[in-house]
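Visitor:
Written out as structure tokens, the structure is:
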């Protein structure tokens, strides 16, 4: 009996690797297994299926070899797992430590190092006596955590089989049953080899998924045989790719922003600086800057990779982050939506679902982000934003409105994620915000020795003759391209490309002497040596702007040139280092520098000119759009948005506008107002077809009506009215008139609002469009109220009530109540107003609409203030403010805040009144509303009141003078009266 020192050691033990020899009625077959305890062997069920005799052999042809008969005591065909019992001879190891089992995370991107050992067919060897045997093979590889989730299996990527001896059988035959290890735990069992996936991929049973699918009784028996304490809670074997089991997994969202991280060289000083800043609670954003190709993305990706693997970069050791988010303008894109949803994905399922609901509920951007940051709490989350220069102006100022909103909130809230940003130019921040940001500059390439080492690694097999060059020659090449990492990669690619002339490294370097353009020159030189077909394929990849599967490229190219064979060209481009492969996701992509250059190389004529390629890609996305009824979140509109982008790049602004006109209203009403505005800006002024331009102008006007500034909405609707009248497009004319009147009303230009709204109501009636007639009548009644003409407003409300009775529509009933409430408020019938406000809010809720709940509650609060009851008014107005925030309408929010500030004043809560009035001023300024100055003066009065009542009275007088008599806003007379009281003492 042997008792080796390794008996108790965790992990793969070579003495416990089992060869399974099976005899059936049809012949013999072999498989692999692992001895998980003294008397139990784990293998695959199909290895021992229909077995007449099973024999287990360990340490074959080695000292200590033994074999013994075995019995199948547990097998499940569906999961393809089996457990054998065996009685080892006395010479076999005994008192074995039971094998440990685990799992890998399946809720985030990660690539896990794994291994398996077994007896594949391609390792068959001939004995001296002419017989055959199977040599043991240790297969080291990786598992991509998110691959094969549908089938609940593991996709194991290994070195390809060294031979394929039998076309009728897989070269991996016999490897089935081998245990798959991650660190010191078994996470699966090799089950299949699918030939179409190549000779370097194996499929394995994913143990945790298989256990979940078993019925209770067989699962309990399997757990007993394998000594698994809790089959429903297997521990993580590799939480971050290389952690020991039991460590907390760092949650990761998004794919790495750079390829080839394993070739990353040094940058220790910059890496330590980034780590130091990320670990400083006072720093919210670390910006890494440098020229194209200098290695910013690789450096940032390396930092994120170390954190993912459980290692804090640099000499200091700090707590690992809770989660990591990888975003790049060149892959997934960077937008407010993407930031919000990807950060939410880090959280628990319930929290993520709640945050998604908050987004679609229409809260303000600030409220959404505040809730996101609150949900994240004090957890350390690091968000990588790569290639941010795409979202900046030339001077570094953030041009993307969504990102600007995110940064504004980031610097205002205590508990927020920390940003790691890469950009060719520094991000320009306001002076008061600079203390929250740190800057790390990459101005130099790699050191010569590091660059020379990278050149050798890029020619690992020595086929290009670079690895065999002297250190002096490699150092000279590194210095000539100034150590720029991407230039080194392109340099090797240029040598690989010339298969006929076989240029030396020195030959390729001869033409490249200008430092400022060295990377671009290298890439462009390679383009000169590419065939036109290869350039065409590269152009398609560049135009896609995102990593894609090979099939996508093939489908798009087939629409441009059906005879062009894409697969061999892509293989060649990969070999030349022009195209990168993400094997875990099976996607292809270009380095951003290569993509920029490729997009400048489109031919001027022919099917692969830029416009034709962009149109073809747009049509590809058009075929992948969801029906309108299936739209739930902004992500559901991703195909349309990519279709739009490609049509814009193709110069087809009319086509892009048609796509946008279909989705703009949905985006506006589901919280993506800024995205809609940005898209309208891209086509505005470039649309040729007048009817398309008309639809765009109306849709753009409605987007500006929600996002502001209101003046621009008026301008757009005015243009739309003129164009609709000239084209005699009556439905479009109605939409334009209604938008114009509503915008004028919200701006306080009431006389200008009445005419367009009255025309819109009449036109809708003529067109038989009762829904739009209701809209127009409501807005018209409100305009009369704001003008102080309560009787006309009440008449409009009565007309709405008639339509409501005729239709029985709950929403029309609520809108009639809304018009009546505001009309009563205008007439000063306070108690009736308070009662009507309650009924109207109830009616809107019964109709399942938040459309004007805030206005109804605001009117109720105003009536209570007029009745001298600020204590009851304040909570009503607070509820109104909450409802207004859900509408993402800054004017409604500003009005509620202004009235609430006055309620606090009347209730002697002057500090709260001041801060609330300041918030009102900010919201009204965003909306371009006329009451902004009044809110500012009210805040000034509340601040002055404790010590300077005379100054407070003056400020109140100024506030009153700034009001326009709008019935929904605190009355100027109330402020004047209170100012008089202050002066009288």
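In my numbering, the protein residues as written are 32 to 1016.
Note that CB positions come from ideal geometry on N, CA and C, so glycine has one too.
#1: Determine contact between the region 777 to 784 and the region 749 to 764, defined as no fewer than three beta-carbon pairs at a distance below 8 Å.
#2: Ends of the alpha helix (DSSP H) at residue 281?
#3: In terms of residue numbering, what span does the alpha helix (DSSP H) encompassing residue 896 cover?
#4: Would you kindly report the start and end of the unbroken beta strand (DSSP E) that includes residue 611?
#5: Of the residues 671, 702, 677, which one's Cα is nearest the Cα of residue 690?
#6: When burial is assigned at 16 or more other CB atoms within 10 Å of the CB, is residue 992 buried or exposed?
#7: Please check the pair residue 845 and residue 880, which I expect to be a contact at CB under 8 Å, by giving their CB distance rounded to whole angstroms.
#8: May I have the straight-line CA-CA distance separating residue 420 from residue 453, to the nearest angstrom?
#9: Please go through the region 943 to 1010 and give each complete alpha helix (DSSP H) segment of 4 or more residues, from N-terminal end onward.
#10: Count the other CB atoms within 10 Å of the CB of residue 899; is the residue buried (16 or more) or exposed (fewer)?
#11: Is it right to say residue 773 is buried, meaning 16 or more other beta carbons lie within 10 angstroms of its own, or is it exposed?
#12: Answer yes or no: do residue 72 and residue 49 have a C-beta to C-beta separation smaller than 8 Å?
#13: Could you check where the alpha helix (DSSP H) with residue 815 kicks off and where it finishes?
#14: What's the C-alpha gap between residue 381 and residue 406?
#15: Kindly indicate the opening and closing residues of the alpha helix (DSSP H) around residue 916.
#16: Taking residue 415 as the reference, which of 523, 430, 427, 286 has the closest Cα?
#17: Is the distance from the Cβ of residue 889 to the Cβ of residue 927 below 8 Å?
#18: Is it a yes or a no for the region 166 to 173 touching the region 184 to 194, going by three-plus beta-carbon pairs under 8 Å?
#19: Using a threshold of 8 Å, state whether the C-beta atoms of residue 484 and residue 506 are closer than that.
#20: Tell me which same chain residues have a C-beta within less than 8 Å of the C-beta of residue 834, skipping the five on either side of it?
#21: If I measure Cβ to Cβ from residue 895 and keep anything under 7 Å in the same chain, skipping five residues before and after, which residues do I get?
#22: Going by DSSP, which residues form a beta bridge with residue 645?
#23: Got a sec? Which residues, its chain only, sit under 7 Å from residue 219 by beta carbon, not counting five neighbours each side?
#24: Less than 8 Å between the beta carbons of residue 151 and residue 101, yes or no?
#25: Is it buried or exposed for residue 333, if we count other Cβ within 10 angstroms and need 16 for buried?
#26: If you pair each beta-carbon of the region 326 to 344 with each one of the region 257 to 266, do three or more pairs fall below 8 Å?
#27: Would residue 305 pass as a contact of residue 451 if the rule is Cβ separation under 8 Å?
#28: Which partner residues does residue 357 have in the DSSP bridge list?
#29: So residue 100 is in the beta strand (DSSP E); what residue range does that whole segment cover?
#30: Which residue's Cα is closest to the Cα of residue 281: 399, 720, 141, 232?
#31: Does the beta-carbon of residue 875 have 16 or more other beta-carbons within 10 angstroms, so that it is buried, or is it exposed?
#32: Any contact between the region 436 to 449 and the region 394 to 408? By contact I mean 3 or more CB pairs, one from each, below 8 Å.
#33: What number of angstroms, rounded off, separates the C-alpha of residue 278 from the C-alpha of residue 320?
#34: From this set, 790, 933, 957, which residue's C-alpha is nearest residue 948's C-alpha?
#35: Residue 246 to residue 68, Cα distance in whole Å?
#36: Give the range of the beta strand (DSSP E) segment to which residue 212 is assigned.
Guide: Working from what's here:
#1: Look at the beta carbons and you see the region 777 to 784 not touching the region 749 to 764: under three pairs across the two are nearer than 8 Å.
#2: Boundaries cannot be given for residue 281, as no alpha helix (DSSP H) includes it and DSSP labels it neither H nor E.
#3: Where residue 896 is concerned, the enclosing alpha helix (DSSP H) stretches over 884 to 897.
#4: 610 to 613 is the extent of the beta strand (DSSP E) around residue 611.
#5: Nearest to residue 690 by alpha-carbon distance, out of 671, 702, 677, is 671.
#6: By the neighbour-count criterion, in which a residue is buried when 16 or more other Cβ atoms sit within 10 angstroms of its Cβ, residue 992 is exposed.
#7: With 8 Å as the limit, residue 845 and residue 880 qualify as a contact, their Cβ atoms being about 7 Å apart.
#8: In a straight line, the C-alpha of residue 420 is about 8 Å away from that of residue 453.
#9: Fully enclosed alpha helix (DSSP H) runs of 4 or longer: 963 to 975, 980 to 993.
#10: The residue in question, residue 899, is exposed, as its Cβ has fewer than 16 Cβ neighbours within 10 Å.
#11: That one is buried.
#12: Their beta carbons are under 8 Å apart, which means residue 72 touches residue 49 by this criterion.
#13: Counting along the chain, the alpha helix (DSSP H) containing residue 815 begins and ends at 801 to 817.
#14: Answer to the nearest angstrom: the Cα atoms are 11 Å apart.
#15: That run of the alpha helix (DSSP H) goes 901 to 917.
#16: Taking residue 415 as reference, the option from 523, 430, 427, 286 with the minimal CA-CA separation is 286.
#17: With contacts defined as CB atoms closer than 8 Å, residue 889 and residue 927 qualify as a contacting pair.
#18: Three or more beta-carbon pairs separated by less than 8 Å link the region 166 to 173 to the region 184 to 194, which places the two stretches in contact.
#19: In this structure, residue 506 does not lie closer than 8 Å to residue 484 by Cβ.
#20: Same-chain partners within the cutoff: 801, 804, 805, 808, 843, 847.
#21: Excluding residues within five positions, the ones whose Cβ falls inside 7 Å are 865, 903, 904, 907.
#22: Residue 645 pairs with nothing; no bridge assigned.
#23: Excluding its 5 nearest sequence neighbours in each direction, residue 219 has C-beta neighbours in its own chain below 7 Å: 185, 211, 235, 236, 237, 238, listed in chain order.
#24: Judged by beta-carbon spacing, residue 101 lies beyond the 8 Å limit of residue 151, meaning their Cβ atoms are not closer than that value.
#25: Under this definition residue 333 is a buried residue.
#26: In the pairwise beta carbon analysis, the region 326 to 344 is classified as not touching the region 257 to 266: fewer than three pairs are separated by under 8 Å.
#27: Yes, these two residues count as a Cβ contact at 8 Å.
#28: In DSSP, residue 357 forms a bridge with 415.
#29: Element bounds for residue 100: 97 to 107.
#30: Residue 141 holds the alpha-carbon nearest to the alpha-carbon of residue 281 among 399, 720, 141, 232.
#31: The residue is buried, with at least 16 neighbouring Cβ atoms inside 10 Å.
#32: The region 436 to 449 and the region 394 to 408 touch, with no fewer than 3 CB-CB distances between them shorter than 8 Å.
#33: Caution is warranted here: a pLDDT of 41 is assigned to residue 278, below 50, making its placement in the model unreliable, and the coordinate value is therefore given only provisionally. Spanning the two alpha carbons is a distance of roughly 34 Å.
#34: Ranking 790, 933, 957 by Cα distance to residue 948 puts 933 first.
#35: One alpha carbon belongs to residue 246, the other to residue 68, and they sit about 24 Å apart.
#36: Unbroken beta strand (DSSP E) run through residue 212: 210 to 213.
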